[in-house]
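Be aware that the sequence shown starts at 1, since it is given in UniProt numbering, and climbs by one per residue.
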Amino acid sequence: MSTLLETHALTGGYGDFQALFGVDLKVDEGEIVALIGANGAGKSTLLKTVTGLLPAQKEQVTWRGEPIGGMAAERIVGLGLALVPEGRRLFPSLSVEENLLLGAQATRRRSRHTGMHAGAGAGAGAGAGAGAASTRQKPGKWNLASVFKLFPILEERRHQPSTSLSGGQQQMVAIGRALMSNPSLLMCDELSLGLAPIVVREIYAALPAIVEDGMSVLIVEQDVQLARRVSQRFYCLQEGHVSLSGASADASDADIANAYFGVAA
Numbered sequence: 001m002s003t004l005l006e007t008h009a010l011t012g013g014y015g016d017f018q019a020l021f022g023v024d025l026k027v028d029e030g031e032i033v034a035l036i037g038a039n040g041a042g043k044s045t046l047l048k049t050v051t052g053l054l055p056a057q058k059e060q061v062t063w064r065g066e067p068i069g070g071m072a073a074e075r076i077v078g079l080g081l082a083l084v085p086e087g088r089r090l091f092p093s094l095s096v097e098e099n100l101l102l103g104a105q106a107t108r109r110r111s112r113h114t115g116m117h118a119g120a121g122a123g124a125g126a127g128a129g130a131g132a133a134s135t136r137q138k139p140g141k142w143n144l145a146s147v148f149k150l151f152p153i154l155e156e157r158r159h160q161p162s163t164s165l166s167g168g169q170q171q172m173v174a175i176g177r178a179l180m181s182n183p184s185l186l187m188c189d190e191l192s193l194g195l196a197p198i199v200v201r202e203i204y205a206a207l208p209a210i211v212e213d214g215m216s217v218l219i220v221e222q223d224v225q226l227a228r229r230v231s232q233r234f235y236c237l238q239e240g241h242v243s244l245s246g247a248s249a250d251a252s253d254a255d256i257a258n259a260y261f262g263v264a265a
């Protein structure tokens, strides 16, 4: 298995507030990795930093071995990374189908960026090497038909405003929109937040179909036991530091509690 995403002593935060302190993390092809930790541990900050929504040093984030830290978010999406943000963030004026189709635009941007990186002008240093990575992004299976097969309720409501859906259905739209870009790595921020347990189970039941063609998934999840069940490996953040990492099946509840809360279980 080759490594897709890797962070190297990653730091990050908001202005003068530092939220990440030297985080080392990697995601290999075809695996599901969970990122757990208490509120304020730095989980969402890490995703935002990796995807270019927050600044990073060039060498602190690599994609297929090429530095992408500090690259513009649009160009990072074009390489094959997709984020399902916390809170879903759908466009309320658009229908379910229109929200989904927005995700497909990233595939077109990816094709356009393939020939652009070398001459991108100012700031092209991070993107020049990443252009080679973008050419290896294969076309994927995700389109309207396959998203509707994954979440049939969305086909029934394809022409409805996204705001008319339940929270769980809106989460399905957010996932489907990200899948429509046919990414190599899908990053999900708090999929279960605010949803009923039965809806959470339905959403996570879709994971096998998502990863069956080799896609990798990085999940930020508040439900520690759920995160461990669906992932091969995990990282636990505490106050911006990695407090524990390893195989999800091997970590004991006591180890997790100590890493999560910083106290003996």
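In this text, a Cβ means the ideal position worked out from N, Cα and C, and glycines have one as well.
- Item | Nearest-angstrom beta carbon gap, Leu186 and Val84 [assumed within contact, 8 Å] | Between Val84 and Leu186 the beta-carbon gap is near 7 Å, inside 8 Å, which marks them as a contact.
- Check whether the stretch 88-100 touches the stretch 149-164, counting contact only when three or more Cβ pairs, one atom from each stretch, lie closer than 8 Å. Taking 8 Å as the limit for Cβ pairs, the verdict is that the stretch 149-164 does touch the stretch 88-100.
- Message: Need the endpoints of the alpha helix (DSSP H) that Gln171 sits in, please.
- Response: Segment Gly167 to Leu179, the alpha helix (DSSP H) holding Gln171.
- Count the other CB atoms within 10 Å of the CB of Gln169; is the residue buried (16 or more) or exposed (fewer)? Classification for Gln169: buried.
- Give the DSSP-derived three-state secondary structure of Arg157 in the structure shown. Secondary structure of Arg157 (DSSP, three-state): coil.
- Query: By Cβ distance below 8 Å, which residues in the same chain neighbour Met1 in space, the five residues on each side in sequence not counted?
  - Reply: Cβ within range, chain order: Asp28, Glu29, Gly30 and Glu31.
- Among residues of its own chain, excluding the 5 on either side of Thr3, which ones have a beta-carbon nearer than 6 Å to its beta-carbon? Listed in chain order, the non-local C-beta contacts of Thr3 below 6 Å within the same chain comprise Lys26 and Asp28, local neighbours out to five positions each way being set aside.
- So, helix, strand or coil for Ala132, using DSSP? Any reading at Ala132 must be qualified, since the residue scores a pLDDT of 36, below 50, and its modelled position is unreliable; no value is offered.
- Task: Quickly, what does DSSP pair Ala82 with across the bridge? List them, please.
- Result: Answer by DSSP bridge pairing, in chain order: Leu186.
- Roughly how many angstroms lie between the CA atoms of residue 266 and Thr7, to the nearest whole one? Not covered by the structure: residue 266. The range shown for the chain is 1 to 265.
- Counting along the chain, where does the beta strand (DSSP E) carrying Ile32 start and finish? From DSSP, the beta strand (DSSP E) with Ile32 extends over Ile32 to Ile36.
- Task: Report the three-state DSSP secondary structure of Leu90 (helix, strand or coil).
- Result: In the three-state reduction of the DSSP assignment, Leu90 falls in the coil class, being assigned neither a helical nor a strand state.
- Query: Taking C-beta to C-beta, are Ala178 and Gly103 nearer than 9 Å?
  - Reply: Yes; because the gap between Cβ atoms is below 9 Å, this pair is in contact.
- Item | Distance between Val217 and Gly80 (C-alpha atoms, nearest Å) | Answer to the nearest angstrom: the Cα atoms are 12 Å apart.
- Could you have a look at Glu6 and say whether DSSP puts it in helix, strand or coil? Strand.
- So, do the stretch 34-41 and the stretch 247-264 have three or more beta carbon pairs nearer to each other than 8 Å? Here the stretch 34-41 makes contact with the stretch 247-264; the two share three or more CB pairs at distances below 8 Å.
- Can you tell me whether DSSP reads Gly103 as helix, strand or coil? Helix, per DSSP.
- Query: Below 9 Å between beta carbons: does that hold for Ala56 and Gly69?
  - Reply: Contact flag set, yes.
- Cβ shell of Ala174 (< 6 Å), same chain only, five flanking positions each side left out: So the qualifying residues of the chain are Val84 and Arg88.
- Item | Pro208 (DSSP reduced to helix, strand or coil) | The answer is helix: DSSP assigns Pro208 an H, G or I state.
- With a CB to CB cut of under 6 Å and the five nearest residues on each side skipped, what residues in its chain are close to Val199? Gly168.
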